[in-house]
Amino acid sequence: MSDTQVIDGQVAPKAKSGSSTRQRGDLVGLRLLPQEKQRLQQLSADGGFKSIQEFIRHALEPALAGV
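With UniProt numbering, the residue at position 30 of the sequence shown is 30, and numbering never jumps.
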């Protein structure tokens, strides 16, 4: 089965989704000790965050406000 949509005899462009629609493009790498990563994973899970990245962005919100 094809995901291609035909409207009025024309092939409609595929809807954009996922990372192609996100505004954030820059990546920051961070090297951690295994126990540091473990601690971040625990803090993230305890806080109800889906990922370490989500936890870090939340923690940095006050410092990044207005950017």
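Positions of the beta carbon are idealized from the N, C-alpha and C atoms, including for glycine.
Predicted, not measured: the structure shown is a model, and the values here were computed from it.
Counting the other Cβ atoms within 10 Å of the Cβ of S51 gives fewer than 16, which makes it exposed. Cβ-Cβ distances below 7 Å link G47 to F55 in the same chain, with the five nearest sequence neighbours on each side left out; the list follows chain order. Shown here for Q5: same chain residues with a beta carbon closer than 7 Å to its own, the five before and five after excluded, namely A12 in chain order.
In this model, P62 and A15 are separated by some 34 Å (Cα to Cα). Out of A65, R57, V67 and L43, the CA that lies nearest to the CA of V28 is found in R57.
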